[in-house]
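Below is one structure, written out as structure tokens, with a few remarks after it.
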Amino acid sequence: MRVLITGGAKELGRAFSEVLGAQGHQLVITGRDEKALDAAGTELKAKGVDVETHVADLADPHATPKLIEGLGNLDVLVNNGALGGPVGPTWQVDEDDWWRTFEVNLRGTAAAMNAAIRTMTSGRIINVVSNAGVHRWPYVTAYSVSKAAVIKLTENVAIELKRRPIAVLSYDPGMVDVGLMGRGCALDSGNPHEQRIATWARSQRDNGRFTPVEQSAGLLARIVSGEFDHRSGGLLTPADG
Ligand SMILES: NC(=O)c1ccc[n+]([C@@H]2O[C@H](COP(=O)([O-])OP(=O)(O)OC[C@H]3O[C@@H](n4cnc5c(N)ncnc54)[C@H](OP(=O)(O)O)[C@@H]3O)[C@@H](O)[C@H]2O)c1
Numbered sequence: 001m002r003v004l005i006t007g008g009a010k011e012l013g014r015a016f017s018e019v020l021g022a023q024g025h026q027l028v029i030t031g032r033d034e035k036a037l038d039a040a041g042t043e044l045k046a047k048g049v050d051v052e053t054h055v056a057d058l059a060d061p062h063a064t065p066k067l068i069e070g071l072g073n074l075d076v077l078v079n080n081g082a083l084g085g086p087v088g089p090t091w092q093v094d095e096d097d098w099w100r101t102f103e104v105n106l107r108g109t110a111a112a113m114n115a116a117i118r119t120m121t122s123g124r125i126i127n128v129v130s131n132a133g134v135h136r137w138p139y140v141t142a143y144s145v146s147k148a149a150v151i152k153l154t155e156n157v158a159i160e161l162k163r164r165p166i167a168v169l170s171y172d173p174g175m176v177d178v179g180l181m182g183r184g185c186a187l188d189s190g191n192p193h194e195q196r197i198a199t200w201a202r203s204q205r206d207n208g209r210f211t212p213v214e215q216s217a218g219l220l221a222r223i224v225s226g227e228f229d230h231r232s233g234g235l236l237t238p239a240d241g
């Protein structure tokens with residue numbers, strides 16, 4: 001299958017690219033960081049993966065749609081790219097940073113999804129979300145609220161797609177020791193709100209609440225395969241693995 005993974009060169013997105021590439025899928029990976037994309041492309045190709053890389057900033061609502069429309073055939077879109085957003089009391093953080101998180105996490109995700117739906121004949125769209133979009137995450141509200149919006153968007157669009165063979169699913173990959181949560185655990189900050197997040201993240205990890213990255217990527221691969229299409233509109237979590 002031809003699979004596009006936004007933010008597929010780094011961290012959790014890279015783990016997704018590795019497992020999907022190893023399974024023989026044809027990959028298209030995007031991000032903003034050209035160097036990271038080039039390195040990921042070279043390393044995946046050395047393992048025999050059929051991969052192309054493209055710079056596409058999700059903050060530009062036209063960049064990823066233009067790429068998707070140009071691809072012609074796409075079977076699966078993994079909307080993985082996201083920002084963690086500002087940390088602190090909602091009324092104190094930079095308002096532009098707060099809204100930029102929505103531009104990337106909600107508008108960028110929706111724009112890519114819409115372009116994929118317009119061009120795909122069949123397949124699936126997987127919107128990577130977070131438990132923070134189901135439960136509250138005070139002091140990280142742009143992230144939490146934007147992910148909640150993506151979960152609700154997914155529920156609605158799945159109904160709109162009922163007569164077409166395209167599934168749309170939310171996937172919470174669990175807390176993993178890379179990317180946002182990996183950096184969260186390592187954070188040593190003078191900012192009390194960031195320090196609070198770091199202490200919480202480490203306590204979650206140390207109490208065994210993290211999901212191994214391979215397990216998280218393994219479940220994503222099963223969703224990519226179509227195993228969960230009957231749950232279109234729903235939210236899948238590591239518990240479904
Ligand atoms: N790590 C966790 O424990 C965890 C838990 C729950 C959910 N998640 C979700 O998993 C996904 C990946 O998270 P992560 O932890 O790997 O985060 P991360 O380390 O911050 O990586 C974010 C990825 O998104 C890309 N990205 C960010 N802004 C972008 C933009 N404007 N345009 C295009 N790409 C952009 C980045 O690539 P560039 O820098 O090249 O743009 C990078 O590949 C996210 O949707 C996140 O919400 C992660």
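Residue numbers are given in UniProt numbering: position 205 of the sequence shown equals residue 205, and the series is strictly consecutive.
Built from N, CA and C at the ideal position, the CB exists for glycine as well.
Predicted, not measured: the structure shown is a model, and the values here were computed from it.
> Buried or exposed: Ser122, going by 16 or more other Cβ atoms within 10 Å of its Cβ?
Replying inline: Under this definition Ser122 is an exposed residue.
> Would the C-beta of Thr121 count as close to ligand 1, meaning under 7 Å from any of its heavy atoms?
Replying inline: For ligand 1, not one heavy atom lies less than 7 Å from the Cβ of Thr121.
> Does the Cβ of Lys10 have 16 or more other Cβ atoms within 10 Å, making it buried, or fewer, making it exposed?
Replying inline: Burial call: buried.
>> Helix, strand or coil, according to DSSP, for Arg231 in the structure here?
In response: Taken through DSSP and simplified to helix, strand or coil, Arg231 comes out as helix.
> Cβ of Arg202 within 7 Å of any heavy atom in ligand 1?
Replying inline: Every heavy atom of ligand 1 is 7 Å or more from the Cβ of Arg202, so no.
> Is DSSP giving Gly182 helix, strand or coil here?
Replying inline: In the structure shown, Gly182 sits in a helix (DSSP, three-state: H, G or I).
> Secondary structure at Thr101, three-state DSSP: helix, strand or coil?
Replying inline: Reduced to three states, the DSSP call for Thr101 is helix.
> Who pairs with His54 in a beta bridge, going by DSSP?
Replying inline: DSSP lists Thr30 as partners of His54.
>> Would you say the beta carbon of Gly7 is closer than 7 Å to some non-hydrogen atom of ligand 1?
In response: Set against 7 Å, the gap from the CB of Gly7 to the closest heavy atom of ligand 1 is smaller.
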